[in-house]
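For what it's worth, this note's numbering labels the leading residue of the sequence shown as 619, then goes sequentially.
Report on the following structure.
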Amino acid sequence: MNGEWVILIWALVSVIFLVKIPSVREFFAQLRKMSAIGIICIGLSLGFLAKVSYTKDGVSTNQSVPQASVPLSENSAAVALPNSSSLILQPSSLPESWKDDPTDTDEDGIPDLWEKWTHGKKLVDDSDLDRDSDGLTDLEEFWNQTDPRTADTDGDSFSDAFEVANGMNPISAEDFVPVEPDTNNNGVPDIWEQIGYSGSFYDANGNGFDDTYEQAILPVASDSNFDVFVDVYTTRSATLNWTSGEDRISILMLPTTGTSVKIRLPFGTDAELYLQSSPYGTDLPSGELWKSRMRISFAPRTGQTAIGTCIVSTEGDISQKVVEQAMVITRFSDPIASKQMRSLNSGDGDYPRIQILEKRFEVVPESKLFHAGDVTVGLFSITNTVNIDSVNVTWSVSHGSMSPLTGDSSSLFVGSIPDGDEPIIITAEVELDELFSAVDTAEVRLCRHEGFSLDSYTSNFSPQLGETNVISVTLPGCVHQNDPGWLEIEVMRETTAGWQHVAWIDMDTSTSGVDRYGDAMQLPHHPIFIWDGIAQTSLPLADHPDVFTGPKGSFNRAMPAVVTGEPVPPPFYTFVVRLWNSDKSLVVDMVERKIYIPQVVNLVLFGGEDIVQQPVYALGTNGAEQITLYPGSTSAEAEAALAQLPAMAMAFFPSDVNLRIVMTDTVVGRHKSMLIVGESSHEGRRGDASAFSKRNERSYGDMAIYIKGFQESLQNNYDRMLGGNQDIIPVPMTSEQFAKYIAPTVAHETGHGLGLVDPDWLPATPPGDQKLHNKVQSWVKIMDMGGLFYVKDRLDPHPTDYWRFDNLRYLRFILPKGE
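Here you go:
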């Protein structure tokens, strides 16, 4: 009654206030003009509105109960609902949480006010309705205070009926079981202590990775791996487990409503993630409830793309999230059942489990070519399928049509020849989810007739060093069928007396002997042959038609003697590739190509390495001070320095001279040798070339370098530098510099071995010991009597500057390198 007086006083004050408002005064003025019956009707209407707007306790009926708006998980339908007969029944009194008006007009057990709030019918018995199809009737929704319009009132992805049936709280997402025992209070529940966990998930730097995992296991971020966030919900302690390649990694999670854990997984490998409620073999309390859920989202890095349920690497690798069971509620019954539940391979569905699968497939054509007369081309198949269901593969083509349009294979109907030489592109597409499709392609081209050609060969090779010549030919026809005929490849040399046979290329290495002819119908369309550079016949020294003209005379190029069973000597030979007709009576096509053979000079250690180890001294300007010009070296240092001598000597020759200076014990056949000797019987001599051969007629022979002579020469050079000449000598020299000091003399003696300087065609010094040197000395030319006099020039090679013009012409003539 006190509430009613308050309302009446409030209404009176309101009327007095409203009368002062002009529009309200105008309303009352009009009201006075109305009849008594009209005024009574208006009053009754206002009274009725006031009655329905308030309960008899003075509480407004326009209030609404807050409702959860979180949608159901995509896996909610997978949770088995219990039979409604097992749900909570109507008790003899109202729920303790219900404090509002208990009036029940239709006597269905549901108060009118509750039905009004939830848009039910207070005049009709609707207690057996299940408006949200969650397994609870409207009456059961009232007794559990859940929303009959929403299957999941608390928005935790588990339906109201499921939570009620399993003893959970359907209006609270955080319905945890009591905290598990942690006897030593170290943050690890007792059940996990026995397997060595030192703590639960902890992320001090806030980057999402568990600190221990980040420090000890986390792979370095690269294009071959990717990151995911795993949101974990668990009502009891559990481990988050995942596979990473062959490894299985676990992180302990304490009870949580949603901890986000970042982990790194490899591309190209399937991964599985799951929650485990307790260590294997641990007996859980009978009847205890475990409620758990995992949600996974990709965290792409630069160059990676997340599309739908897939993530794509920079290399095009695809990984797809496949949810087997994202949430689980389990009630432990007995130790045996608990152990079964914890078995990863049990297949009983009692673990939250998500897979991230590698997705890969490849289109393989039966043939990449078709002929003008072909109508159907194929078959095209998808292979290398990893986690791909072929029924989802769709085929398309850039020209023509495919049949069938779906499946693991399809054929191409060409219909007409494409314009130009454009390929036909066949595409297979598999839809991985509603947002992303994987695609692979193959192409086919019109198979055209090709003519005869020599496609490739080794233009410069040294059989003396074990090298071979690789020859590739295209036979007339197409890749499916060559035209009839016989292939022949002959190695020849040209002389002033005509062409001479040197060898045949073996057409079939699987048989003994040399097969001169190859059946074009039996050979591949692009056959490849190997020639080892070994002569199959002996030929004497001969002249080539090419002529060199020097200042004092001219000569023909020398073609050195060829010995059966030995590598052919320099300078060059000719491949003659012939295609004969079917009966070998006519050459229908022919190609000629020249191949070049370098001159090989092999440096042979012959005691000189011992002298390189010895130091070299000189006297200073006062005639008494001892100067170390070269400190010597260890045995290893000497060998390392001399090993660089071939390259150092080659640096003094122009690159277009076909010469190979090496230091190896694997040279075969005839070649020139340069002995690295300690001392000479000729005092002060640094080298000689008894192998002098005009025109390089003999591509073999011995030359020598005397290391002792370089020690004396270095002392003389130092004395001259002190005397005021223009030389610059590093003091002391390193072992590498000492080897470079020797290198120009190696080039000089090699020049003699090649036939420089022949006085019959080039002006030379008067007859005597120095007759095979240039006539005019400049001190910096290699073939001068005192060639490269200064040390500074020896340490800084300039090939074309250190040879006289005619010397260079001669070298390029007798040892051409070709293109």
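We put the CB at the ideal spot given by N, CA and C, even for glycine.
These numbers were taken from a predicted model, which means no experiment stands behind them.
According to DSSP, residues forming a beta bridge with residue i
i	result
Ser910	Thr852, Val946
Gly1116	Thr1113
Val1011	Val1048
Met871	Ala856
Val940	Gln973
Arg1063	Leu987
Tyr1324	Val1295
Lys1290	Val1219, Gly1319
Glu980	Thr1001
Gly1305	Ile1323
Pro897	In DSSP, Pro897 forms no bridge with anything.
Gln1244	Leu1237
Asn1174	Val1165
Inter-residue spacing [alpha-carbon to alpha-carbon] between residue i and residue j
i	j	result
Gly665	Asp722	Unreliable placement is indicated for Gly665, whose pLDDT of 49 sits below 50; the coordinate value is still reported in the next sentence. For Gly665 and Asp722, the distance between alpha carbons rounds to 23 Å.
Thr755	Arg949	24 Å
Trp716	Thr771	17 Å
Glu1184	Thr1192	18 Å
Val846	Thr1003	24 Å
Gly1241	Gln1333	13 Å
Asp1058	Ser1008	13 Å
Lys1290	Gln1099	49 Å
Asp828	Thr1024	45 Å
Ala1259	Phe1190	33 Å
Lys1435	Lys1212	11 Å
Ile1123	Val1032	42 Å
Glu1267	Arg1303	Note that residue 1267 corresponds to Ala in the displayed sequence, not to Glu. If I take the Cα positions, the gap works out to 19 Å.
Leu1093	Gly1069	7 Å
Ser1019	Ser1200	41 Å
Gln763	Asn804	39 Å
His1017	Pro1036	7 Å
Lys939	Asp1073	50 Å
Assigned secondary structure, residue i (DSSP; H/G/I helix, E/B strand, else coil)
i	result
Pro1417	helix
Leu1409	It should be pointed out that residue 1409 corresponds to Val in this sequence rather than to Leu. Three-state DSSP puts Val1409 in a helix.
Ile1000	strand
Arg1313	helix
Asp1228	helix
Gln1099	coil
Pro884	strand
Phe1423	helix
Asp841	coil
Met1125	coil
Ala1179	coil
Phe1431	helix
Phe1070	coil
Ser1090	strand
Arg1278	strand
Contact set for residue i: own chain, Cβ-Cβ below 6 Å, skip 5 residues either direction
i	result
Ile1089	Tyr1075, Phe1147
Arg1196	Glu1106, Val1205, Met1208
Val1222	Ser1291, Leu1293
Gln1329	Val1234
Asp743	Asp724, Asp726
Met786	Asp793
Lys739	none
Ile1245	Ala1236, Gly1238
Same chain, Cβ closer than 8 Å to residue i, five either side skipped, listed in chain order
i	result
Val1295	Phe1224, Gly1225, Gly1226, Ala1322, Ile1323, Tyr1324, Ile1325
Ser1396	Asp1402
Asn1276	Asn1078, Pro1188, Pro1189, Tyr1214, Ile1215, Pro1216, Gln1217, Leu1433, Pro1434, Lys1435, Gly1436
Val1438	Here the chain comprises residues numbered 619 to 1437, so residue 1438 is not present and cannot be evaluated.
Distance cut-off 6 Å: residue i Cβ against heavy atoms of the ligand HEM
i	result
Tyr1428	In terms of ligand content, the structure shown is empty, and the ligand HEM therefore cannot be addressed.
Same chain, Cβ closer than 7 Å to residue i, neighbours up to 5 away in sequence not counted
i	result
Tyr1336	Ala1236, Leu1247, Ile1347
Val1097	Leu987, Cys1065, His1143
Asp1150	Pro1081, Thr1086
Leu1340	Thr1239
Ile728	Asp722, Gly738, Ser745, Asp756, Leu757, Phe760
Beta-carbon separation (whole angstroms), residue i vs residue j, contact threshold 8 Å
i	j	result
Ala1046	Val981	5 Å
Ala779	Asp752	5 Å
Lys1358	Arg1412	7 Å
Gln812	Thr857	Wrong, their Cβ atoms sit about 13 Å apart, outside the cutoff.
Phe1310	Val1230	Their Cβ separation, rounded to whole angstroms, is 27 Å, which puts Phe1310 and Val1230 out of contact at 8 Å.
C-beta neighbour in chain B for residue i, strict 7 Å
i	result
Ser1317	Included in the structure is just one protein chain, with no chain B present.
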